[in-house]
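Participant:
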Amino acid sequence: MTRGEGAADGRLDVRLDGHVAVVTLDRPEKRNALTLPMVAALREVTARLQAESAVRVVVLTGAGDKAFCAGGDLRTMIPVALDAGRDTLNPDPTERFLSGITKPVVAAVRGACFGAGLELLLGTDLRVAGSDARFGLPEAALGMIPGDGTHIRLPQQVPMAVAKSMLLRGEVLDAQRAVEVGLVNEVAAPEDVLDVAMSIAAELAAKGPIALQTSKEIVTRTTESAADFALEHALNGRVLSSQDAREGVAAFLEKRDPQFRGH
Ligand SMILES: CCCCCCCCCCCCC/C=C/C(=O)SCCNC(=O)CCNC(=O)[C@H](O)C(C)(C)COP(=O)(O)OP(=O)(O)OC[C@H]1O[C@@H](n2cnc3c(N)ncnc32)[C@H](O)[C@@H]1OP(=O)(O)O
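Just so we're on the same page, our numbering is the position in the sequence shown counted from 1, plus 33.
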């Protein structure tokens, strides 16, 4: 059964399949770029799925075949963060994507996984990528930095040299490279990605739910410090208040190269 978690400019669809909940970012015409209502819906949906005892595993994917998620919406969400400050995106400086759920989350990635889309991916536990998948952090080219724990989670999940190249150079990993560096668990034909993710989810759903959630919680609590996330959030304020961040977004929207001035 599909229930649209309402948001006029973008939706999450939630479909229950036995003990597995499938959450789909449903804005394919904008490559599933995240709007503020989608982020709010994501918070609400993950909290609800965490509370629903029938749900043992979550599969997270993007609608369409072009993108898992193209990041924060540069027309709506990011300007809000620039104008009203980062707290409008996540008032809790220690919050990061999917931090509210201890049940296993399996990502099914087709096409582009960029910016906040990669931030979201880093909050998942197991990942299946289509051979067409690409992973990148274009923020620096926009005069911005990723948030929501990326600076803590990415170096923990890929070698530091790769993390720095993605953060500083904006290196884009294709699916094969992503599996080589450990960002994703396996690559599948694009049309098979969701089926493979569902098969992994079914395997997890047959294991002891308390055991799985406890193992995941131990890994999270021994590797993700609230102080580190708060530091990232605080320093991001320096970037979001810069003129360069405004210039980067304007250049994207005007389809031109940005002229950064260092302030
Ligand atoms: C629940 C708790 C959460 C806690 C915290 C929440 C915080 C929320 C997140 C905060 C994030 C802050 C830091 C992150 C910043 C970013 O993510 S910045 C954005 C980074 N992403 C990009 O730069 C990607 C830009 N897009 C592209 O490179 C390409 O579109 C693509 C993804 C490679 C797809 O290419 P293609 O298939 O050729 O499609 P296009 O023609 O380019 O695009 C189709 C339409 O989609 C629109 N679109 C694409 N990406 C975005 C976007 N990021 N924002 C807005 N719109 C986007 C594109 O403009 C096209 O639209 P139309 O022109 O109207 O057709």
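Even for Gly, the Cβ is constructed at its ideal location relative to N, Cα and C.
All of these numbers come straight from a predicted model, not from anything done at the bench.
1. Quick one: Cα of P124 to Cα of S258, how far?
2. Regarding D261 and ligand 1, is the C-beta to nearest heavy atom distance less than 6 Å?
3. Indicate, with yes or no, if ligand 2 has a heavy atom lying under 6 Å from the CB of G180.
4. So, under 8 Å CB-CB, G281 and G176 are touching, yes? Tell me the CB distance rounded to an integer number of Å.
5. In chain order, what residues of the same chain lie with their CB nearer than 7 Å to the CB of I185, ignoring the 5 residues before and after it?
6. Any heavy atom of ligand 1 closer than 6 Å to the CB of A239?
7. For T94, write down the residues that DSSP places opposite it in a beta bridge.
8. Output needed for P171: all residues of its chain with C-beta closer than 8 Å, excluding positions within five of it in sequence on either side, in chain order.
9. Run the proximity test for D76: is its beta-carbon closer than 6 Å to any non-hydrogen atom belonging to ligand 1?
10. Rounded to whole angstroms, what is the Cα-Cα separation between V72 and V113?
11. Beta strand (DSSP E) containing R160: first to last residue?
12. Closest to L58 by C-alpha separation, out of E224, A267, S86 and P70, would be which residue?
13. Relative to the C-alpha of T79, which residue among F293, F101, T68 and I134 is closest?
14. Within the present structure, is the beta-carbon of A196 separated from the nearest heavy atom of ligand 1 by less than 6 Å?
15. What are the boundary residues of the alpha helix (DSSP H) that includes E219?
16. One question on the structure: do P216 and V191 come within less than 7 Å of each other, judged by their Cβ atoms?
17. Go ahead and pull the three-state DSSP assignment for F293.
18. With 16 other CB atoms within 10 Å as the buried threshold, where does E152 fall?
19. Mapping the DSSP letters down to three states, classify F147 as helix, strand or coil.
20. Quick check on L93: buried or exposed, where buried means 16 or more other Cβ atoms within 10 Å of its Cβ?
21. Cβ of F147 versus every heavy atom of ligand 1: is any distance shorter than 6 Å?
22. Are there any heavy atoms of ligand 1 lying less than 6 Å away from the beta-carbon of N123, as far as the coordinates show?
Facilitator: In short:
1. Residue mapping note: residue 124 aligns to position 91 of the sequence shown, counting from 1. Residue mapping note: residue 258 aligns to position 225 of the sequence shown, counting from 1. Approximately 17 Å, taken between the alpha carbons.
2. For the purposes of this step, residue 261 is taken as the residue at position 228 of the sequence shown. Flag unset: Cβ of D261 not near ligand 1.
3. For ligand 2, the structure offers nothing, since it holds only ligand 1.
4. Position 248 of the sequence shown, counting from 1, holds the residue named residue 281. Position 143 of the sequence shown, counting from 1, holds the residue named residue 176. Contact holds; Cβ gap of about 3 Å.
5. In the sequence shown, counting from the first residue as 1, residue 185 sits at position 152. Once the five neighbours on either side are set aside, the close Cβ partners of I185 are E257, D261, F262 and E265.
6. On the sequence shown, position 206 is the one that residue 239 refers to. Not under cutoff, so the answer is no.
7. If you number the sequence shown from 1, residue 94 lands on position 61. DSSP output for T94 lists T57 and A141 as bridge partner(s).
8. In the sequence shown, counting from the first residue as 1, residue 171 sits at position 138. If we look at P171 and ignore the five residues flanking it on each side, its Cβ neighbours are G104, F147, G148 and G203.
9. In the sequence shown, the residue the question calls residue 76 occupies position 43. Residue 76 is actually Arg in this sequence, not Asp. Result yes, Cβ under 6 Å from ligand 1.
10. As a working mapping, residue 72 is identified with position 39 in the sequence shown. As a working mapping, residue 113 is identified with position 80 in the sequence shown. Distance between the alpha carbons of V72 and V113: 13 Å.
11. Locating residue 160 in the sequence shown gives position 127, counting from the first residue. Residues L159 to G163.
12. For the purposes of this step, residue 58 is identified with residue 25 of the sequence shown, where counting begins at 1. That would be P70, whose Cα lies nearest to the Cα of L58.
13. Taking the first residue of the sequence shown as position 1, residue 79 is located at position 46. Minimum Cα distance to T79 is reached at I134.
14. One-based indexing of the sequence shown puts residue 196 at position 163. A196 Cβ: outside cutoff for every heavy atom of ligand 1.
15. On the sequence shown, residue 219 is found 186 positions in, with the first residue counted as 1. Here E219 belongs to no alpha helix (DSSP H); instead the beta strand (DSSP E) covers E219 to A221.
16. Counting from 1 along the sequence shown, the entry for residue 216 is found at position 183. Counting from 1 along the sequence shown, the entry for residue 191 is found at position 158. According to the sequence provided, residue 216 is Leu. The question's Pro does not apply to it. Against a cut-off of 7 Å, the Cβ pair of V191 and L216 comes out as a contact.
17. Along the sequence shown, read from residue 1 onward, the residue named residue 293 stands at position 260. Coil.
18. Here residue 152 refers to the residue found at position 119 of the sequence shown. Buried.
19. Position 114 of the sequence shown, counted from the start, is the residue given in the question as residue 147. Reduced to three states, the DSSP call for F147 is strand.
20. The residue you call residue 93 lines up with position 60 of the sequence shown. It counts as buried.
21. Your numbering for residue 147 matches position 114 in the sequence shown. For ligand 1, at least one heavy atom lies less than 6 Å from the Cβ of F147.
22. Numbered from its first residue, the sequence shown carries residue 123 at position 90. N123: yes, Cβ under 6 Å from ligand 1.
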